[in-house]
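To start, the structure under review is shown below, and the notes come after it.
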Amino acid sequence: MARRAALYEMGMADFLADEDDNTNSNSDEEYEAVRPRRPYTLRAHAVVDEWDDVAFHQRFRMKKTTFWRVVAFVEPNMVTEPGRCHSLTTEQRVLILLRFLAAGSFEQNAADLVRVSQPTVSLNLPIMCDALLNHFTEFIRMPQTSSERQAAALAFHSLAGFPRTIGAIDCTHIKI
1 MARRAALYEM
11 GMADFLADED
21 DNTNSNSDEE
31 YEAVRPRRPY
41 TLRAHAVVDE
51 WDDVAFHQRF
61 RMKKTTFWRV
71 VAFVEPNMVT
81 EPGRCHSLTT
91 EQRVLILLRF
101 LAAGSFEQNA
111 ADLVRVSQPT
121 VSLNLPIMCD
131 ALLNHFTEFI
141 RMPQTSSERQ
151 AAALAFHSLA
161 GFPRTIGAID
171 CTHIKI
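Read in order, the letters of the sequence shown correspond to residues 1 to 176 in our numbering.
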């Protein structure tokens, strides 16, 4: 009787009819093998396609075309761990890094947006920062010669009125 109640609670009432028909075996081991499997959902979501260009830029401070260029740059360096069949895609890894850097807030915000756990974000951030640092000199270059520095200073002064400025890094300012 206890088995009948357990099967009924597990949503397996259709097996009760089979139990009545099968009078040859009544062992507990047979019923334990019938336990339903936990549903599995794939981790890789196409979150890039969920937003139009404007919404994507608001969330990640980058155009989709630029995002795909970044993915193409870092993808050759991305190695999935052997035996890990559900590792993150390169797109997910780049999205996590971009969201974390763009928002300047907690790892949980990036995790929620990309639909992964916060520990996954924490493990991913150093890997992706290293992958981007490998391409640092291809994108960020400070003026080397005196004439390049003067031209950059003139451009910054005419753009924003900053005197004697030759470069800037976009970052989050926190009042202390």
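Just so it is clear, CB atoms sit at the ideal spot from N, CA and C, and this is done for glycine as well.
Identify every run of the alpha helix (DSSP H) within the region 85 to 170, keeping only runs that are complete inside it and at least 4 residues long; order them along the chain.
-> 90 to 103, 107 to 114, 118 to 133, 136 to 139 and 146 to 160
So does the region 67 to 82 actually touch the region 132 to 148, counting three or more Cβ pairs closer than 8 Å?
-> yes
Hey, A152 and P163 are a contact pair by Cβ (cut 8 Å); roughly how many whole angstroms apart?
-> Locating residue 152 in the sequence shown gives position 152, counting from the first residue. Locating residue 163 in the sequence shown gives position 163, counting from the first residue. That belief does not hold up - the Cβ atoms of A152 and P163 are roughly 12 Å apart, past 8 Å.
Could you give the distance in angstroms between the alpha-carbon of V114 and the alpha-carbon of A168?
-> Numbered from its first residue, the sequence shown carries residue 114 at position 114. Numbered from its first residue, the sequence shown carries residue 168 at position 168. Distance between the alpha carbons of V114 and A168 is about 29 Å.
Alpha-carbon to alpha-carbon, S158 and E107 | Along the sequence shown, read from residue 1 onward, the residue named residue 107 stands at position 107. Along the sequence shown, read from residue 1 onward, the residue named residue 158 stands at position 158. Spanning the two alpha carbons is a distance of roughly 37 Å.
For K64, which of helix, strand or coil comes out of DSSP?
-> Along the sequence shown, one-based indexing puts residue 64 at 64. Reduced to three states, the DSSP call for K64 is helix.
Classify A160 as buried or exposed, calling it buried when 16 or more other Cβ atoms lie within 10 Å of its own Cβ.
-> Taking the sequence shown and counting its residues from 1, the one referred to as residue 160 is at position 160. Per the 10 Å Cβ criterion, exposed.
From L101 to D53, what distance separates their C-alpha atoms?
-> Here residue 101 is taken as the residue at index 101 of the sequence shown, counted from 1. Here residue 53 is taken as the residue at index 53 of the sequence shown, counted from 1. Cα to Cα, the separation comes out at about 19 Å.
Is V47 closer than 8 Å to F67 when the C-beta atoms are compared?
-> The residue given as residue 67 occupies position 67 in the sequence shown. The residue given as residue 47 occupies position 47 in the sequence shown. Going by C-beta atoms, F67 is not nearer than 8 Å to V47.
What is the rounded straight-line gap between the Cα of R61 and the Cα of P36?
-> Against the sequence shown, residue 61 aligns to sequence position 61. Against the sequence shown, residue 36 aligns to sequence position 36. If you take the alpha carbons of R61 and P36, they lie about 44 Å apart.
With a CB to CB cut of under 8 Å and the five nearest residues on each side skipped, what residues in its chain are close to S122?
-> Along the sequence shown, read from residue 1 onward, the residue named residue 122 stands at position 122. Closer than 8 Å at the Cβ level, and outside the excluded window around S122, lie E107.
Keeping to the same chain, check which residues put their C-beta closer than 6 Å to that of V70; ignore five residues upstream and five downstream.
-> On the sequence shown, residue 70 is found 70 positions in, with the first residue counted as 1. Result list for V70: V94, in chain order.
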